[in-house]
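Participant: Per the numbering used here: the sequence shown = residues 5 to 625.
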Amino acid sequence: MAKISINLSDGSLENDSKELVIGIDLGTTNSLVAYVDRDGGQPIAVKDEEGTNKLVPSVIHFAADRAIVVGREAKQYLASDPARTIYSVKRLMGKSLKDVGEHADFFGYRIIDEDTDALVKIEVDQKYYTPIELSSLILKQLKKRVEKALGQAVSKAVITVPAYFNDAQRQATRDAGKIAGLEVLRIVNEPTAASLAYGIGLDPSDKKKIAVYDLGGGTFDVSILKIQQGIFEVLATNGDTYLGGDDFDRAIIDYWIERSGRDKASLLADKELGQRIRIMAEEAKQKLSTEQLVEGEIEGIDCQLTRTNFEALIKEPIDRTIAACQAALKDAGLGIGDIDEIIMVGGSTRVPAVKKAVSDFFQSELQDSVDPDQIVALGAAIQADILSGNQKDLLLLDVTPLSLGIETMGGLMDVIIPRNTKIPTKAARQYTTQVDGQASVRITVFQGERDQVKHNRQLGKFSLNGIPGMPAGLAKVEVSFLLDADGILQVKAKELRSGVEQSIQVKPQYGISDKDLATMLKDSIMHAEEDMSARALQEAVNEGEQIVLTTKKFINSNAELLSKEELEKTRELISQVEGKLQGSDKDALQAAIEKLNDFSRPFAERIMDIAISKAMKGKKI
Ligand code: AMP
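1) By the DSSP assignment, the beta strand (DSSP E) with Val504 in it spans what residues?
2) Just to check, is the beta-carbon of Gly389 closer than 8 Å to a non-hydrogen atom of the ligand AMP?
3) Run the CB neighbour count on Gln173, radius 10 Å, all protein chains shown included, and call it buried at 16 or more, exposed below.
4) Is the beta carbon of Ile410 less than 9 Å from the beta carbon of Val449?
5) At a threshold of 8 Å, does Asp103 count as lining the ligand AMP (C-beta to nearest heavy atom)?
6) Is any heavy atom of the ligand AMP found at a distance shorter than 8 Å from the C-beta of Gly248?
7) Considering only DSSP beta bridges, list what Glu411 is partnered with.
8) State buried or exposed for Asp397, treating a residue as buried only when at least 16 other CB atoms are found within 10 Å of its CB.
9) Quick one, are the C-beta atoms of Ile235 and Phe314 less than 9 Å apart?
10) Cutting at 6 Å between CB atoms, please list the residues of its own chain near Ser528, excluding the five before and the five after it.
11) Report yes if the C-beta of Ser293 is less than 8 Å from at least one heavy atom of the ligand AMP; otherwise report no.
12) DSSP state of Pro61, grouped into three classes?
13) Just checking Glu286 against the ligand AMP - is the residue's beta carbon closer than 8 Å to any of the ligand's heavy atoms?
14) Quick check: is any heavy atom of the ligand AMP less than 8 Å from the C-beta of Arg354?
15) Between which residues of its own chain and Lys275 is the CB-CB distance below 7 Å, once the five residues before and five after are set aside?
16) Apart from the five residues on each side of it in sequence, which residues of its chain come closer than 7 Å, Cβ to Cβ, to Val150?
17) Roughly how many angstroms lie between the CA atoms of Leu400 and Thr425, to the nearest whole one?
18) Pick helix, strand or coil for Gly220, following the three-state DSSP scheme.
19) Just to confirm my understanding: we take Lys624, look at its own chain, exclude 5 residues before and 5 after, and list those with CB closer than 6 Å. What are they?
20) For the structure I just gave you, are there three or more beta carbon pairs, one from the segment 582 to 594 and one from the segment 531 to 542, closer than 8 Å?
21) Would you call the CB atoms of Lys213 and Ile228 closer than 9 Å?
22) Taking the Cβ atom as the reference point for each residue, do Ile640 and Asp251 lie within a distance shorter than 9 Å?
23) With DSSP as the reference, label Val158 as helix, strand or coil.
24) List the endpoints of the continuous alpha helix (DSSP H) containing Gly464.
25) Ignore the nearest five residues each way along the sequence and tell me which others in Glu533's own chain have a CB closer than 8 Å to its CB.
26) Would you kindly report the start and end of the unbroken beta strand (DSSP E) that includes Arg446?
27) What does the alpha-carbon distance come out to for the pair Lys359 and Arg42?
28) Would Glu187 be called buried (16 or more neighbouring beta carbons within 10 Å of its own) or exposed?
29) Go ahead and pull the three-state DSSP assignment for Arg42.
30) Pick out whichever of Glu547, Phe169, Thr555 and Arg501 has its Cα sitting closest to the Cα of Arg605.
31) Locate the alpha helix (DSSP H) running through Tyr168, then write down its first and last residues.
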């Protein structure tokens with residue numbers, strides 16, 4: 005099995021394509037797109053139309069008339085129209101509200117999720133967006149930018165993600181690419197891309213251990229990598245997803261306000277003034293990377309700062325990053341002397357005190373000559389160039405050409421091994437039962453890129469029988485896929501509480517021609533948008549059915565604790581959800597679910613409290 009690309013215009017396979025593949029750094033605050041220049045062979049980050057900026061702020065604004073703008077233009081609305089201005093969407097990729105947890109306040113827009121285990125959605129003017137859809141808008145903007153700059157269409161990309169992203173977050177990033185009309189040839193770890201930008205790993209004889217220190221505007225991570233025979237392996241990662249240059253800015257603001265003797269809360273209550281001080285603080289910080297003193301004044305507040313003072317202000321956050329480096333090394337089972345290269349990534353690594361702290365800790369020189377804002381995108385472009393066949397195939401490994409997965413509720417495809425995963429590989433996921441006392445589950449295995457299994461290729465099916473009787477949702481069925489080096493797939497289902505198991509073997513590539521393969525890939529991209537909406541609708545229907553079922557069950561068993569009005573209103577809201585289940589309006593269904601949730605939550609909590617206090621009374625201490 006080898007790398008397979010398709011020509012989107014005619015669906016033909018291009019095993020030896022020379023088509024341009026772009027590299028994308030899809031960042032939390034800023035994103036960039038880069039490509040390797042055919043003539044010079046060097047990676048280049050693409051500038052905006054004015055030819056000034058390479059960074060595209062990862063911000064999306066929805067106007068009242070639903071017009072969408074992305075990037076610098078959207079950023080202007082952060083302060084004036086926060087509910088319609090979406091930023092930091094990367095933090096929500098593949099996450100449930102439970103995952104976002106205490107940080108939900110960080111976002112100025114509305115994140116909804118009633119079932120705290122389900123993936124979050126973002127509500128803007130009664131329309132519901134997934135982080136995948138929102139990220140795809142940023143990717144579309146980048147695609148547009150590079151197409152305009154080069155005067156040619158591009159359809160293939162490499163996208164980077166943090167090394168700590170899990171499978172769901174990686175899959176979400178792939179899906180976002182697909183909706184943006186991009187065939188994502190590979191998802192690459194950001195620290196791997198940063199290493200490639202320094203040429204590390206391009207020589208197959210390279211055998212090194214690398215520390216990549218990435219301090220951006222709002223996030224920090226450090227990764228320890230091992231490179232051997234062109235294969236990068238992540239040994240450990242550590243960090244803090246809410247630590248970065250923004251903390252430095254805040255420390256400066258606090259310092260200035262404190263010195264002025266004015267009251268912080270009342271000063272910052274003036275949003276416009278707050279914004280001016282924030283911008284001044286960020287500028288002062290950036291200047292102090294090259295100068296010793298900055299001076300200024302806003303509304304009588306003296307904005308003076310020396311580099312020495314600034315360094316004292318940011319000592320604590322810097323120390324925290326060093327503690328994370330220490331922890332990562334320990335997890336990797338390495339000592340400081342084992343690290344061959346230290347690579348600096350992210351705008352905040354321009355701060356001299358940061359460089360010094362990292363260099364002192366590792367007792368070594370740093371790699372900091374490549375622009376820390378662009379390095380990840382440039383590395384992604386190098387990886388993209390390798391995949392497009394322009395360089396020796398050093399990093400090309402055997403991969404599976406189509407995604408493999410199983411059918412889940414509502415006929416949806418749940419991918420277990422994504423397309424382009426290097427083989428051999430294994431992956432597993434847990435599922436549960438839908439009805440009380442369910443004794444068997446049916447596992448149907450599919451291959452393909454479409455969201456609904458009916459459009460994919462069925463490889464085989466079997467039943468796992470003999471699951472002991474238990475309430476719905478309690479059984480734990482683990483489905484594991486093992487794809488060996490010969491391309492043979494073994495699928496096993498095991499109920500973990502009882503240990504019952506069943507398995508089959510299939511050959512995913514058997515009986516499928518290159519032409520079929522090309523058609524399947526092409527279809528998946530052509531239908532990405534409609535597939536996405538169909539999936540979103542089906543997921544909303546699943547959620548709706550579930551909530552109708554549980555609310556009915558709840559009011560039936562607690563009828564005596566509810567008022568007549570509560571009962572009547574709940575029944576009415578249930579029937580409103582039921583009324584929308586058959587339709588195709590996802591937003592209307594979502595809104596009906598929200599209404600039912602909002603209404604029933606207070607009395608559900610009240611009844612829980614009664615149940616708890618009853619239980620407590622019964623207990624003897
Ligand atoms: P990133 O998320 O990698 O784009 O990094 C953005 C962060 O880097 C922001 O907090 C910027 O203020 C910060 N930054 C950019 N340039 C400099 C500089 N010259 N000195 C200090 N911080 C900088």
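The beta-carbon is built from N, C-alpha and C at its ideal position, and this holds for glycine as well.
Facilitator: The structure says:
1) Per DSSP, Val504 belongs to no beta strand (DSSP E) and is neither H nor E.
2) Note that residue 389 corresponds to Asp in the displayed sequence, not to Gly. No, the Cβ of Asp389 stays beyond 8 Å of every heavy atom of the ligand AMP.
3) buried
4) yes
5) no
6) yes
7) Met417
8) Low per-residue confidence applies at Asp397: pLDDT is 44, beneath 50, and the placement is therefore not dependable, though the value from the model is reported in the following sentence. Looking at its Cβ environment, which holds fewer than 16 other Cβ atoms inside 10 Å, Asp397 is exposed.
9) no
10) Glu453 and Arg454
11) yes
12) strand
13) yes
14) yes
15) Ala83
16) Ile26, Val37, Tyr39, Val50 and Val158
17) In this prediction, Leu400 scores a pLDDT of 38, lower than 50, which makes its location untrustworthy; no coordinate-derived value is stated.
18) coil
19) Residue placement at Lys624 cannot be trusted, given a pLDDT of 45 that sits under 50; what the coordinates show is reported in the next sentence. Once the five neighbours on either side are set aside, Lys624 has no close Cβ partner at all.
20) yes
21) yes
22) An answer regarding residue 640 cannot be provided, because it is not within the stretch 5 to 625 covered by the chain.
23) coil
24) Segment Arg461 to Leu468 is the beta strand (DSSP E) holding Gly464; no alpha helix (DSSP H) there.
25) Ile183
26) Val445 to Gln451
27) 34 Å
28) buried
29) coil
30) Thr555
31) Unbroken run through Tyr168: none, as it is neither H nor E.
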